[in-house]
Amino acid sequence: MSALLLLFACWGDKTYVVQGTVVKVSAADEVILDHEEIPGFMGPMTMPFHVKDPSILAGLEPGDRVLARLEMEEAGGYLTRVRVTGHGAVPDYEEPGGTAPLRVGQVLPATEVVLADGSTTVIGEGQAKPTALTFLYTRCPMPEFCPATVARFQALQAAAGPDVRLLALTLDPAYDTPAVLTAFAEASSADPAIWQLGQSAALEDLVLRSGLIVVRNADDAAEIVHGIRVLVLDAKGALVERYDDHDWPVERVLTQLRTGEPLGI
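In this note's numbering, the protein residues as written are 426 to 690.
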């Protein structure tokens, strides 16, 4: 291992070394990398990475070979250092579909969801109740992501009543069958009168409308890299507020569900 790689590798249990090629700098705080295997974390793939300090992306060009430090926090993963080590061909990359994320006040188009018990429900326009919607998958290995979302929903459920709905959609419908989701719901103490789990044939559209980043490893179906997203929808299916980390306040979300007001408390 080179001295530079050794330096990048010695920063704690939740820090990883990323080696790859810049596909594009897609936003002030985001770069898309075609990366090699990240030992102990994920296989090779092309995916976006966020940064907290946009200045570390200054001067990066498509085709740059980079060595980067990825730090995992409760709110997600961030590159905190990027070093250019060379330059080569720009990898092929197909941009995601064109469905725009939902804006506050916009109504989510009516979308059918199949629940773990086999029944169907609607999310969006025509939905029955104000709803907090999130995404997860039962094989998620990262405690800062799906397990933390489950814990947050457990707290929300404890304070909620039958007039609101919590809904978690799986990002892994091939594995998360109704039987798997039912077992997961029971293990999570989900009260079906308040908190439901399910899957939707329109998952990719919902992901895009939620503004959620999801990257699937073509070589390992169990490996799904995703961000965090909770949508609060009012009784008409309109977006009240979108949360993208695990710090969202349970009482605020509960108030938003009850009142439909974006400022909540």
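Every residue gets a Cβ at the ideal spot worked out from N, C-alpha and C, and that includes glycine.
Item                                                                                                                                                      : Value
List in chain order: all unbroken beta strand (DSSP E) runs of 3+ residues lying wholly within the segment 461-504.                                       : 470-476 and 489-498
Just to confirm, is the Cβ distance from residue 548 to residue 592 under 8 Å?                                                                            : yes
Whose C-alpha, out of 465, 507 and 484, is nearest the C-alpha of residue 474?                                                                            : 507
Looking at the ligand ADP, does it come within less than 7 Å of residue 681, judged from the CB to the closest heavy atom?                                : Among the ligands in the structure shown, none appear at all, so the ligand ADP cannot be discussed.
To the nearest angstrom, report how far apart residue 594 and residue 566 are at their CA atoms.                                                          : 17 Å
Who are residue 675's beta bridge partners in DSSP?                                                                                                       : In DSSP, residue 675 forms no bridge with anything.
For residue 671, which option in 449, 552, 560 and 531 has the closest C-alpha, if you only look at C-alpha atoms?                                        : 560
So who's on the other strand from residue 549, going by DSSP bridges?                                                                                     : Answer is none; residue 549 lacks a bridge partner.
According to DSSP, is residue 531 helix, strand or coil?                                                                                                  : coil
Can you list, in chain order, the residues of its chain whose CB lies under 6 Å from that of residue 689, leaving out five sequence neighbours each side? : Here the model assigns residue 689 a pLDDT of 44, short of 50, so the residue's position is not dependable, and the following value carries that caveat. Around residue 689: 677, 680 and 681.
Beta-carbon separation of residue 541 and residue 622 under 8 Å?                                                                                          : yes
Are residue 625 and residue 550 touching if we call contact CB-CB under 8 Å?                                                                              : no
With DSSP run on the structure shown, which of helix, strand or coil describes residue 606?                                                               : helix
Alpha carbons only, please: which of 581, 653, 509 and 620 is nearest the one belonging to residue 635?                                                   : 653
By the 10 Å Cβ neighbour count, where 16 or more other Cβ atoms means buried, how is residue 615 classified, buried or exposed?                           : buried
To which residues of the same chain is residue 516 closer than 6 Å at the C-beta, ignoring the five residues directly before and after it?                : 446, 448 and 459
Look at the Cβ atom of residue 609, then the Cβ atom of residue 556, and state whether they are nearer than 8 Å.                                          : no
Please name the residue in 529, 492 and 545 whose C-alpha comes closest to that of residue 444.                                                           : 492
Check residue 459 in the structure and name its three-state DSSP category.                                                                                : strand
Return the CA-CA distance between residue 510 and residue 452, expressed in angstroms with no decimal places.                                             : 22 Å
Anyone know if the C-beta pair for residue 554 and residue 590 falls short of 8 Å?                                                                        : yes
Quick one: Cα of residue 525 to Cα of residue 545, how far?                                                                                               : 26 Å
How about residue 529 and residue 485: do their beta carbons lie closer than 8 Å?                                                                         : no
Just mark residue 601 as buried or exposed, buried being the case when its beta carbon has 16 or more other beta carbons within 10 Å.                     : buried
Closest to residue 665 by CA distance: which of 649, 650, 684 and 651 is it?                                                                              : 684
Our contact map puts residue 649 next to residue 639 with C-beta atoms below 8 Å; I'd like the distance itself, whole angstroms only.                     : 7 Å
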